[in-house]
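Here the sequence shown stands for residues 1 to 143, numbered as in the numbering used here.
Every residue, glycine too, gets a C-beta built ideally from N, C-alpha and C.
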Amino acid sequence: MAGKQFIEFYYNQFDSDRNSLASLYRDQSMLTFESASVLGVKDIVEKLTSLPFEKVKHQVSTLDAQPGMIEGSVVILVTGQLLVSHQDPELRKAPIEATQVLTKLLLQVDEEQRPMNYTQAFQLAQENGQYFVFNDVFKLVYG
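Spelled out as structure tokens, the structure:
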């Protein structure tokens, strides 16, 4: 149950105010977003708030959770779809190139509401009885 509750809370916060996610990470937390890794609360929140879209909506398709190796930890795997929007109309017109797929595909989703498939894995750990994100790995799924 912790997995489902966490994911609902996390994506509600992400979709409404990414700055509010800071409380879910710690200095030892790591985020890998499309192969770019950052460590620590400050850098993680900076990465999440600098993503190239204004609004986003996560639609969860599947959610699987298992107990982690360390007592009280939880491993969560999510698949789903993203709907995003962006404020720069010039970038929306740019052609899609393989090396710039993330930004350009995310920007194309906006106008036509074509969802992007994604997968995200979390490892939650406990500190003083509260869960926090120890590991967070996000990837868009192409094809």
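Nonlocal neighbours in the same chain, by C-beta distance under 8 Å from residue i, ignoring five residues either side
{"i": "glutamate 112", "result": "Since pLDDT at glutamate 112 reaches only 49, below the 50 mark, its modelled position is unreliable, and the value read off the structure follows with that caveat. Cβ neighbours of glutamate 112 beyond the five flanking positions: none."}
Own chain partners of residue i with C-beta closer than 6 Å, once the 5 adjacent residues on each side are dropped
{"i": "glycine 40", "result": "Asp27"}
{"i": "valine 101", "result": "Below a pLDDT of 50, predicted positions are generally treated as unreliable, and valine 101, at 49, falls in that range; no measurement from the model is reported."}
Reduced DSSP category for residue i - H, G, I as helix; E, B as strand; rest coil
{"i": "tyrosine 11", "result": "helix"}
{"i": "glycine 143", "result": "coil"}
{"i": "isoleucine 44", "result": "helix"}
{"i": "glycine 129", "result": "coil"}
{"i": "arginine 26", "result": "strand"}
{"i": "phenylalanine 138", "result": "strand"}
{"i": "serine 20", "result": "helix"}
Residues near residue i in its chain [Cβ-Cβ closer than 7 Å; skip 5 each side]
{"i": "lysine 93", "result": "Its pLDDT being 43, under 50, lysine 93 is placed unreliably in this model, and the coordinates cannot settle the point."}
{"i": "glycine 3", "result": "Leu63, Ala65, Val74, Ile76"}
{"i": "alanine 25", "result": "The question names alanine, yet the displayed sequence has tyrosine at residue 25. Taken in chain order, the residues that qualify are Val41, Ile44, Phe132, Val133."}
{"i": "glycine 80", "result": "His58, Gln59, Val60, Ser61, Tyr118"}
{"i": "isoleucine 7", "result": "Val60, Leu63, Ile76, Val78"}
{"i": "glutamine 13", "result": "Ser20, Leu21"}
Cβ-Cβ separation, residue j to residue i (assumed contact under 8 Å), whole Å
{"i": "alanine 121", "j": "phenylalanine 134", "result": "The Cβ separation is near 11 Å, so there is no contact."}
{"i": "valine 75", "j": "alanine 65", "result": "7 Å"}
{"i": "leucine 48", "j": "leucine 21", "result": "6 Å"}
{"i": "glutamine 123", "j": "glycine 68", "result": "6 Å"}
{"i": "glutamate 34", "j": "leucine 140", "result": "7 Å"}
Opposing strand residues paired with residue i [DSSP bridges]
{"i": "aspartate 64", "result": "Leu77"}
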